[in-house]
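Numbering (our numbering), first residue to last: 1 to 412.
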């Protein structure tokens, strides 16, 4: 089996559109949540979100034809991939054979903004006015497909779709491709751009979104005041390489990917298992594969959505996985308190943050944690970042359909 390392990273997020700005914002507890700007919010039931700001696809070398013919979620992926490939320095053809370069990029929803636009065209003008590019702009696998085309990645292509767990599952499956010898390098991550009337209305009507009208008191993971998540958008892309591929070219290493857990609650189509059964199993699988031993400094980037059910269920799952004493020694935070819930992109961005926490020896905070829920009684790093030296980081994401994903990273 091959060892697997992260050698490049890129992002488009509500906290910044490059890795340096994202990390600076996270460490300093910046909140990327504000009033919705990209659509008219007057008639929306929820008026706040975590939007990407000042995004210019041209700045990432994306040509005008691609910009015209792609949904926002795909443009986010292309921009983040451009950063990650440049960061890694990986040269396709020289450092890696194109047939050994894979892609594993997912989206939980795909081109819902395109769907909304073309549905409006159909209602107003009839079927003949639906764009011939409607389907290829909308389908969730097109982000990964376009990235593969851009970088001539002819190897395995896995477009994962597991709701909120998409980004973490994508990285986990990319890890497996390399670990098992089916690829030498993989461009992987998640992307999402679902801040539109249909998504806001749908999530709100199922009581998933917070109805807070204060951006500074909206995303409240593990807080007794939490009432739902804040819808976000963005993309996170990582370059994973085998040890041989990375060492051959002297690549810089952010962290080693060393464990992956993938389970299903088989309980309910939206609600998590109340005891966190599947989540605990996913964490256990990842930590076992990572050879975690009691007493090692462990950082957990929690799913931590700020919904009533998730946060207490995840707390129980952490205790089940580690035991009560060990659970009280680990450092935990939910960075969704700052960047909101980016759905299919969130797991990839949180893995980027986890890798940087390992590399820099800093634990990001859970901001706005003013009134801790008595049922959420672990150390969630409230308010401010802390200097610490984690050896292993575990990033959790759990999605509708009972999908659970945990990926473990080890410091290099």
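Don't be surprised by glycine CBs; every beta carbon is placed ideally from N, CA and C. Quick caveat: nothing in here was measured; it's all calculated off a predicted structure.
Query                                                                                                                             : Result
Neighbour-count burial assignment, residue 318, 16 or more Cβ in a 10 Å radius                                                    : buried
Neighbour-count burial assignment, residue 213, 16 or more Cβ in a 10 Å radius                                                    : exposed
Nearest-angstrom Cα separation, counted from residue 143 out to residue 3                                                         : 27 Å
Reference residue 400; option with closest CA among 265, 67, 123                                                                  : 265
Proximity test, Cβ basis, 7 Å: residue 294 and chain C                                                                            : Here chain C cannot be found, since the structure has a single protein chain.
Delimiting residues of the beta strand (DSSP E) encompassing residue 12                                                           : 4-12
The region 204-211 touching the region 122-141, judged by at least three CB pairs closer than 8 Å                                 : no
Contact belief for residue 333 with residue 384 at Cβ below 8 Å, rounded distance in angstroms                                    : That pair is no contact at about 11 Å.
Beta-carbon spacing of residue 368, residue 220 below 7 Å                                                                         : yes
Three-state class that DSSP yields for residue 26 in the structure shown                                                          : helix
Three or more C-beta pairs below 8 Å linking the region 225-238 and the region 12-23                                              : yes
Chain-order list of residues whose beta-carbon lies under 6 Å from that of residue 292 (same chain, five-residue window excluded) : 392
Inter-residue CB distance, residue 54 and residue 104 (contact presumed, cutoff 8 Å)                                              : Going by Cβ atoms, the distance from residue 54 to residue 104 rounds to 28 Å, so no, they are not a contact pair.
Residue nearest to residue 338 in terms of C-alpha spacing, selected from 327, 348, 182, 26                                       : 26
Where residue 65 sits in the DSSP three-state scheme                                                                              : helix
Buried or exposed by the 16-neighbour rule on C-beta atoms within 10 Å, applied to residue 230                                    : buried
Nonlocal neighbours in the same chain, by C-beta distance under 7 Å from residue 376, ignoring five residues either side          : 222, 311, 312, 315
CB-CB length for residue 187 against residue 149, believed under 8 Å                                                              : The pair is not a contact, with the Cβ atoms about 12 Å apart (cut-off 8 Å).
With 16 other Cβ atoms within 10 Å as the buried cut-off, status of residue 106                                                   : buried
Whole-angstrom C-beta distance between residue 405 and residue 165, which should lie under 8 Å                                    : 4 Å
Proximity winner among 97, 17, 258, relative to residue 58 (alpha-carbon distances)                                               : 17
Unbroken beta strand (DSSP E) run spanning residue 186, endpoints                                                                 : 185-192
For residue 56, three-class secondary structure by DSSP                                                                           : coil
Own chain residues within Cβ distance below 6 Å of residue 411, not counting five before or after                                 : 358, 391
Burial state of residue 336 (16 or more Cβ within 10 Å)                                                                           : buried
Beta-carbon separation (whole angstroms), residue 89 vs residue 251, contact threshold 8 Å                                        : 7 Å
Cβ neighbour criterion (16 or more within 10 Å) applied to residue 180                                                            : exposed
Three-state secondary structure (DSSP) of residue 386                                                                             : strand
Cβ pair residue 303, residue 398 closer than 7 Å                                                                                  : yes
Buried or exposed (CB count within 10 angstroms, at least 16 for buried), residue 269                                             : exposed
Start and end residues, alpha helix (DSSP H) containing residue 105                                                               : Unbroken run through residue 105 is the beta strand (DSSP E), 101-106; no alpha helix (DSSP H).
Contiguous alpha helix (DSSP H) assignments of at least 4 residues, all confined to the region 198-256                            : 243-248
Member of 277, 324, 100 whose CA lies at the smallest distance from the CA of residue 154                                         : 100
Counted within 10 angstroms of its Cβ, other Cβ atoms place residue 64 as buried (16 or more) or exposed                          : exposed
Beta-carbon proximity list for residue 61, same chain, < 8 Å, skipping 5 on both sides                                            : 82
Spatial neighbours of residue 151 in its chain, beta-carbon cut-off 6 Å, leaving aside the 5 residues before and after            : 92
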